[in-house]
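In this note's numbering, the protein residues as written are 26 to 438. For every residue, glycine included, the Cβ atom is placed at its ideal position computed from N, Cα and C.
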Ligand SMILES: C[S@@+](CC[C@H](N)C(=O)[O-])C[C@H]1O[C@@H](n2cnc3c(N)ncnc32)[C@H](O)[C@@H]1O
Ligand code: SF4
């Protein structure tokens, strides 16, 4: 792995990183930054994200210092497959930053502000950058929200999950519906005009009518964006070990369909499997993943994807203690992998076909560096089964393909 510490912080005359032209994929792809916060008040029984119960005091300054060291390390990194030496890598302005977790809202506005300042000192920000922070009801109050807004966060994602008290209890959440609504109201009062609510359906013992009523409550709050996930039993979770009584597949399908219809009636267009937005309010950060853009990933367990003569994926150590000790050096990287060309059609499809609008073949070529012909065998098979719809130069999943997305993706393996 190539690491040139001397290149830390190199700037051009504008104070941004040096740009250079005509160098393969690097610099031509939109760039995002993901920052992971690995602590929660307590672990929810269904959750397999990299989150750990914060026992005792959380040393937010130590973690922010580690994130800044990690960012410096990442910026000095050139993918091993790259033909480009690190100082000449052209990094486009950041289109988005996503502070995800875990529970980032366990951190103060001051800590988030210091982190965003450090990022701004090292990277150009697009003029219309989207900066999202995940906030859990019951962990942040009006004061926190005002501080996040002042620090530059301009989008909040609130983990509501359900507005039904009994469901929240079954899900092991630390909050009731009142705290969720209070968090939403505080965020509005703090000046947030771009809010996502995370909601789940197919909850323990839930009926389709209950799911619809729950969703309607969330819609009535009027967020700009709703993520509507089917609760899944993930390996190595408490729910996997002691499964609650979940609705059967047919009931879950009914909930998904009626949820989609209800959201449509209220002005939320589905643009991805689980994502619904008011016009112009799609999540830019997630869209960049699905469109196979590049992203830097810092923080415990964070994943990143960078292009340049090949596509390299890297993941940081998941455990906060290991990460804190190693951040800023190669030792913080647990896994690094150049994606073989043969796997790129599947990797690309796995992301791009989640989007209702699908993708243009030209985008496939730009994002993978492969010719569109590499997709043709898979497209031929999917076409024959009615799993895709095509327009000249563009492909998307058909209604059948969306209902059987895994079957569609298998055609790209
Ligand atoms: C990374 S989590 C963090 C959000 C935040 N910590 C919270 O819980 O409020 C993002 C979202 O993933 C969803 N999620 C987590 N585990 C899930 C599961 N097993 N099945 C479906 N959705 C899940 C939840 O809606 C959650 O809000
Ligand atoms: S609060 Fe969110 S990230 Fe933390 S354990 Fe619960 S669902 Fe997972």
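Requested in this report: Select from 188, 277 and 211 the residue whose C-alpha is nearest the C-alpha of residue 201.
Outcome: If you number the chain shown from 1, residue 201 lands on position 176. Of the listed residues, the one whose Cα sits closest to residue 201 is 188.
Requested in this report: Determine which residues share a DSSP beta bridge with residue 252 and list them.
Outcome: Against the chain shown, residue 252 aligns to sequence position 227. When DSSP reads this structure, residue 252 sits in a beta bridge with 223 and 300.
Query raised in the report: Does the Cβ of residue 221 lie closer than 8 Å to at least one heavy atom of ligand 2?
Result: Against the chain shown, residue 221 aligns to sequence position 196. Not so, every heavy atom of ligand 2 lies at least 8 Å from the Cβ.
Query raised in the report: So, are the CB atoms of residue 371 and residue 434 less than 9 Å apart?
Result: By one-based count along the chain shown, residue 371 stands at place 346. By one-based count along the chain shown, residue 434 stands at place 409. Taking 9 Å as the cut-off, the Cβ atoms of residue 371 and residue 434 count as close.
Report task. Quick one: give me the first and last residue of the alpha helix (DSSP H) that residue 284 is part of. Result -> The residue given as residue 284 occupies position 259 in the chain shown. Segment 274-290, the alpha helix (DSSP H) holding residue 284.
**Report entry** Sequence-distant residues of its chain with Cβ nearer than 7 Å to residue 173 (five each side left out)
**Finding:** Counted from its first residue, the chain shown places residue 173 at position 148. Within the same chain, residue 173 has close Cβ partners 134, 137 and 158.
Requested in this report: Would you identify the three-state DSSP class for residue 340, choosing helix, strand or coil?
Outcome: Your numbering for residue 340 matches position 315 in the chain shown. The DSSP-derived three-state label of residue 340 is strand.
Requested in this report: Would you check if the distance between the CB atom of residue 178 and the CB atom of residue 222 is smaller than 9 Å?
Outcome: Against the chain shown, residue 178 aligns to sequence position 153. Against the chain shown, residue 222 aligns to sequence position 197. When the beta-carbon positions are compared, residue 178 and residue 222 stay at least 9 Å from each other.
Report task. Check residue 180 in the structure and name its three-state DSSP category. Result -> By 1-based counting over the chain shown, the position of residue 180 is 155. In the structure shown, residue 180 sits in a strand (DSSP, three-state: E or B).
Query raised in the report: Just how far apart, CA to CA, sit residue 365 and residue 394?
Result: Locating residue 365 in the chain shown gives position 340, where the first residue counts as 1. Locating residue 394 in the chain shown gives position 369, where the first residue counts as 1. Distance between the alpha carbons of residue 365 and residue 394 is about 12 Å.
**Report entry** Completely contained alpha helix (DSSP H) runs for the segment 143-223, where each covers 4 or more residues
**Finding:** Whole alpha helix (DSSP H) segments, 4+ residues: 167-176, 190-195 and 202-214.
Query raised in the report: What are the boundary residues of the beta strand (DSSP E) that residue 328 is part of?
Result: Taking the first residue of the chain shown as 1, we reach residue 328 at position 303. Start and end: 328-332.
Report task. Compute the distance between the beta-carbons of residue 341 and residue 359, then report whether it is under 9 Å. Result -> Against the chain shown, residue 341 aligns to sequence position 316. Against the chain shown, residue 359 aligns to sequence position 334. In this structure, the beta-carbon distance from residue 341 to residue 359 falls below 9 Å.
Query raised in the report: Between which two residues does the alpha helix (DSSP H) containing residue 101 stretch?
Result: Residue mapping note: residue 101 aligns to position 76 of the chain shown, counting from 1. First-last for residue 101: undefined, no H or E at that position.
Query raised in the report: DSSP puts residue 65 in a beta bridge; with which residues?
Result: Stepping through the chain shown from its first residue, residue 65 is reached at position 40. 78, per the DSSP bridge assignment.
Query raised in the report: Could you give the C-beta distance for residue 176 and residue 141, rounded to a whole number, given that I count them as a contact under 8 Å?
Result: Taking the first residue of the chain shown as 1, we reach residue 176 at position 151. Taking the first residue of the chain shown as 1, we reach residue 141 at position 116. Between residue 141 and residue 176 the Cβ distance is about 6 Å, and since that is below 8 Å, they are a contact.
Requested in this report: Flag residue 124 as yes when its Cβ comes closer than 8 Å to any non-hydrogen atom of ligand 2, and as no otherwise.
Outcome: Residue 124 sits at position 99 when you count from the first residue of the chain shown. Checking the Cβ of residue 124 against ligand 2 gives no.
Report task. Within the same chain, show all residues whose beta-carbon is closer than 6 Å to that of residue 349, passing over the 5 residues directly before and after it, in chain order. Result -> Along the chain shown, read from residue 1 onward, the residue named residue 349 stands at position 324. Exclusion of the five residues before and after residue 349 leaves 91 as the residues of its chain whose Cβ lies within less than 6 Å of its Cβ.
Report task. Spell out a yes or no on whether the segment 145-157 and the segment 194-210 are touching, meaning 3 or more CB-CB pairs, one atom from each, closer than 8 Å. Result -> Contact between the segment 145-157 and the segment 194-210 is absent, because fewer than three Cβ pairs lie under 8 Å.
Requested in this report: Give me the Cβ distance between residue 310 and residue 123, rounded to the nearest whole Å; I'm assuming they're in contact under 8 Å.
Outcome: Start at 1 with the first residue of the chain shown, and residue 310 comes out as number 285. Start at 1 with the first residue of the chain shown, and residue 123 comes out as number 98. Rounded to whole angstroms, the Cβ separation of residue 310 and residue 123 is 4 Å, and the two are in contact under 8 Å.
Query raised in the report: Do residue 280 and residue 268 have their C-beta atoms within less than 9 Å of each other?
Result: Locating residue 280 in the chain shown gives position 255, where the first residue counts as 1. Locating residue 268 in the chain shown gives position 243, where the first residue counts as 1. In this structure, residue 280 keeps its C-beta atom at 9 Å or more from the C-beta atom of residue 268.
Query raised in the report: Opposite residue 354 in the DSSP bridges: which residues?
Result: In the chain shown, the residue the question calls residue 354 occupies position 329. Beta-bridge pairing links residue 354 to no other residue.
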